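J.:
Number of protein chains: 2
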Amino acid sequence: MTLRADAQRNLDRVLVAASECFAERGVDASADEIARRAGVGHGTVFRRFPTKDALIVAVVAMQMHAVAETAEAALAEPDAGAAFAGFVRDAADAYTRNRALLDALDLCLETPEFEALVGAVRALVARAQEAGALRRDVTADDVLALVPTASRFPEVVLDGLRPPGR
Amino acid sequence: MTLRADAQRNLDRVLVAASECFAERGVDASADEIARRAGVGHGTVFRRFPTKDALIVAVVAMQMHAVAETAEAALAEPDAGAAFAGFVRDAADAYTRNRALLDALDLCLETPEFEALVGAVRALVARAQEAGALRRDVTADDVLALVPTASRFPEVVLDGLRPPGR
DNA sequence: TCCTAAGCGGACTGAGCCGTCCGCTTTCGA
DNA sequence: TCGAAAGCGGACGGCTCAGTCCGCTTAGGA
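Those sequence lines, one after another, are chains A and B. According to the working numbering, the first sequence is numbered sequentially starting from 1. According to the working numbering, the second sequence is numbered sequentially starting from 1.
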């Protein structure tokens with residue numbers, strides 16, 4: 001069940017091109033544009049992915065996996081507050097580089113990559129809250145929802161997430 | 001140069017329908033949908049507004065005017081910090097009720113309504129900064145950009161906007 | 001080398017959109 | 001009342017997009 005060499009090469013090209021297009025223009029980038037950038041026909045894009053949404057999920061889940069890894073790495077950091085803040089900055093950077101990351105969040109809610117991300121962020125949040133470094137009334141979902149804002153206003157978001165009255 | 005009675009009635013209906021559609025679905029609501037909701041033909045929408053963007057500007061500038069009025073009213077409040085926070089809450093509420101408000105911001109940059117809004121917010125920001133109630137590294141544009149986030153996380157944004165270390 | 005199945009890509013379909021146009025209807029002043 | 005001008009709305013064109021299809025090409029094992 002292995003792909004023919006040319007098919008595998010084209011699949012790789014499509015994934016790279018889609019990744020770039022989505023990063024630059026968001027998920028509204030058209031399949032034609034992706035195909036053109038990949039140097040393949042537009043039919044080739046749809047051969048591996050039955051719908052455009054499937055392509056988006058494939059690409060974004062990959063990138064979500066990378067963010068989940070930084071979250072898991074942050075869990076190794078001893079200072080819970082610094083670990084949390086570091087993750088928010090990393091995630092904000094990832095979002096800056098890749099507009100599609102959270103634009104396509106709804107499509108990725110069911111993926112194992114998103115589950116892993118949420119799990120890691122939940123742990124970061126709980127630890128930071130126990131350490132008194134994070135206000136108690138925010139959830140992991142809230143933190144993820146704040147990432148786009150943190151990419152433009154990191155200090156405002158991080159200060160706003162500290163427990164009030166400290 | 002006054003409109004015929006039926007034309008005026010239809011124009012009013014279109015404006016109301018557009019307002020509702022944009023509030024619910026954002027500016028992506030189609031002209032057909034607006035026409036249907038207004039109970040008029042789709043050509044009637046385009047008779048008064050040469051393009052869909054012109055319609056968006058007409059509707060959103062009206063609502064921006066209302067927000068500008070709350071900003072100006074806040075300037076009368078003696079407590080600069082409370083005035084600023086109150087405005088942010090009001091603007092966030094307006095955004096919650098009307099998704100189009102800032103989605104269409106780019107189209108409205110040139111309108112007198114937006115000029116008035118920015119002017120009032122600039123004054124609110126300057127006053128709050130002088131009173132030590134607002135961090136110095138934010139501008140009126142930043143505040144407006146933060147409104148959508150404030151509609152979901154008002155406390156986080158308001159706390160984040162306070163000067164650090166106080 | 002040669003045959004076959006896998007792969008290719010571009011033409012095609014259909015949906016949804018914006019904006020135009022024109023034959024019919026309605027208003028309203030004379 | 002009546003005619004001209006204003007207004008109406010739906011059919012239409014042109015565009016972009018997602019997704020399908022099929023005749024041609026190519027990989028790669030026998």
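In this text, a Cβ means the ideal position worked out from N, Cα and C, and glycines have one as well. For clarity, every value in this text was computed on a predicted model and none was experimentally measured.
(1) Between L55/A and F87/A, is the Cβ-Cβ spacing less than 8 Å?
(2) Does the beta-carbon distance from A100/B to V147/B come in below 8 Å?
(3) Quick check on V156/A: does DSSP put it in helix, strand or coil?
(4) May I ask you to report which of helix, strand or coil DSSP gives S19/A?
(5) Could you check the C-alpha separation between A91/A and A66/A for me, to the nearest Å?
(6) Look up P112/A in the DSSP assignment and say whether it is helix, strand or coil.
(7) Could you pull out every residue in the same chain whose Cβ sits closer than 6 Å to the Cβ of D103/A, ignoring the five residues on either side in sequence?
(8) Can the beta-carbon of L117/A be found closer than 8 Å to that of M64/A?
(9) Note down, in chain order, every chain B residue with its Cβ under 9 Å from the Cβ of L109/A.
(10) With 8 Å set as the bound, which would you pick, yes or no: does the beta-carbon of V156/A sit closer than that to a beta-carbon of chain B?
(11) Would L3/A be called buried (16 or more neighbouring beta carbons within 10 Å of its own) or exposed?
(12) Quick check on G39/A: does DSSP put it in helix, strand or coil?
(13) Only counting the same chain, and skipping five residues up and downstream in sequence, which positions put a Cβ closer than 7 Å to that of A85/B?
(14) Nearest chain B C-beta to F131/A closer than 8 Å, yes or no?
(15) Taking contact to mean 3 or more Cβ pairs, one atom from each stretch, closer than 8 Å, check whether the segment 18-25 of chain B and the segment 149-156 of chain A are in contact.
(16) Would you mind reading off the limits of the alpha helix (DSSP H) that contains D90/A?
(17) Any beta carbon of chain B sitting closer than 8 Å to that of R173/A?
(18) Under DSSP, the alpha helix (DSSP H) around T70/B begins and ends at which residues?
(19) So, with DSSP's three-state summary, where would you put L144/B?
(20) So with CB distances below 9 Å, who are the chain A contacts of D142/B?
(21) Quick one: residues in its chain with C-beta nearer than 8 Å to the C-beta of V40/A, no 5 flanking neighbours on either side, listed in chain order?
(22) Kindly give me the distance between the Cβ atoms of A35/A and F49/A, rounded to whole angstroms, as I take these residues to be in contact under 8 Å.
(23) Would you mind reading off the limits of the alpha helix (DSSP H) that contains D28/B?
(24) With a cut-off of 8 Å, does the C-beta of T149/B fall near any C-beta of chain A?
(25) Return the Cβ separation of L217/B and A83/B in integer angstroms, given the expectation that the two are a contact with Cβ distance under 8 Å.
(26) If you draw a straight line from the C-alpha of A68/A to the C-alpha of G160/B, how long is it?
T.: Result, derived from the coordinates:
(1) What you label residue 55/A is simply residue 55 of the first sequence in a count that begins at 1. What you label residue 87/A is simply residue 87 of the first sequence in a count that begins at 1. For L55/A and F87/A, no; Cβs fall outside 8 Å.
(2) Counting from one through the second sequence, the residue named residue 100/B turns up at place 100. Counting from one through the second sequence, the residue named residue 147/B turns up at place 147. Cβ atoms of A100/B and V147/B: not closer than 8 Å.
(3) Sequence index remark: in the first sequence, residue 156/A carries index 156 (1-based). V156/A falls in the helix class under three-state DSSP.
(4) Numbered from 1 along the first sequence, position 19 holds the residue referred to as residue 19/A. Here S19/A sits in helix by DSSP.
(5) Here residue 91/A refers to the residue found at position 91 of the first sequence. Here residue 66/A refers to the residue found at position 66 of the first sequence. So the two alpha carbons sit approximately 10 Å from each other.
(6) Position 112 of the first sequence, counted from the start, is the residue given in the question as residue 112/A. Note: P112/A maps to helix in three-state DSSP.
(7) On the first sequence, residue 103/A is found 103 positions in, with the first residue counted as 1. For D103/A, where only same-chain residues beyond five positions count, the Cβ hits under 6 Å are G26, V27.
(8) Within the first sequence, residue 117/A is the residue found at index 117, counting from 1. Within the first sequence, residue 64/A is the residue found at index 64, counting from 1. Cβ distance < 8 Å, so L117/A and M64/A count as in contact.
(9) In the first sequence, the residue the question calls residue 109/A occupies position 109. Here the premise fails: no neighbours, minimum Cβ distance about 18 Å.
(10) What you label residue 156/A is simply residue 156 of the first sequence in a count that begins at 1. Taking Cβ atoms only, chain B reaches closer than 8 Å to V156/A, which makes this a yes.
(11) Within the first sequence, residue 3/A is the residue found at index 3, counting from 1. By the 10 Å Cβ count, L3/A comes out exposed.
(12) One-based indexing of the first sequence puts residue 39/A at position 39. Residue state, collapsed to three classes: coil.
(13) By one-based count along the second sequence, residue 85/B stands at place 85. So the list reads L158, once near-sequence residues are dropped.
(14) Taking the first sequence and counting its residues from 1, one reaches residue 131/A at position 131. According to the sequence displayed, residue 131/A carries Ala and not Phe. No, A131/A lies away from the interface with chain B (no Cβ there is under 8 Å from its Cβ).
(15) Under the Cβ criterion (8 Å, minimum of three pairs), the segment 18-25 of chain B does not count as touching the segment 149-156 of chain A.
(16) Residue 90/A sits at position 90 when you count from the first residue of the first sequence. Looking at the DSSP string, the run of the alpha helix (DSSP H) that includes D90/A is 80-97.
(17) The shown model of chain A, from 1 to 166, leaves out residue 173/A, and the question about it has no answer.
(18) Within the second sequence, numbered from 1, the residue matching residue 70/B stands at position 70. T70/B -> alpha helix (DSSP H) spans 52-74.
(19) For the purposes of this step, residue 144/B is taken as residue 144 along the second sequence, with counting starting at 1. Correct three-state label for L144/B: helix.
(20) By 1-based counting over the second sequence, the position of residue 142/B is 142. Those are R152, F153, V156, listed as they occur along chain A.
(21) In the first sequence, the residue the question calls residue 40/A occupies position 40. N10, R13, V14.
(22) Working through the first sequence from its first residue, we reach residue 35/A at position 35. Working through the first sequence from its first residue, we reach residue 49/A at position 49. About 12 Å; that fails the 8 Å criterion.
(23) Taking the first residue of the second sequence as position 1, residue 28/B is located at position 28. Looking at the DSSP string, D28/B is not in any alpha helix (DSSP H), and its letter there is neither H nor E.
(24) For the purposes of this step, residue 149/B is identified with residue 149 of the second sequence, where counting begins at 1. T149/B counts as touching chain A.
(25) This structure cannot settle anything about residue 217/B, because the visible part of chain B is limited to 1 through 166.
(26) What you label residue 68/A is simply residue 68 of the first sequence in a count that begins at 1. What you label residue 160/B is simply residue 160 of the second sequence in a count that begins at 1. Going by the C-alpha atoms only, they are around 26 Å apart.
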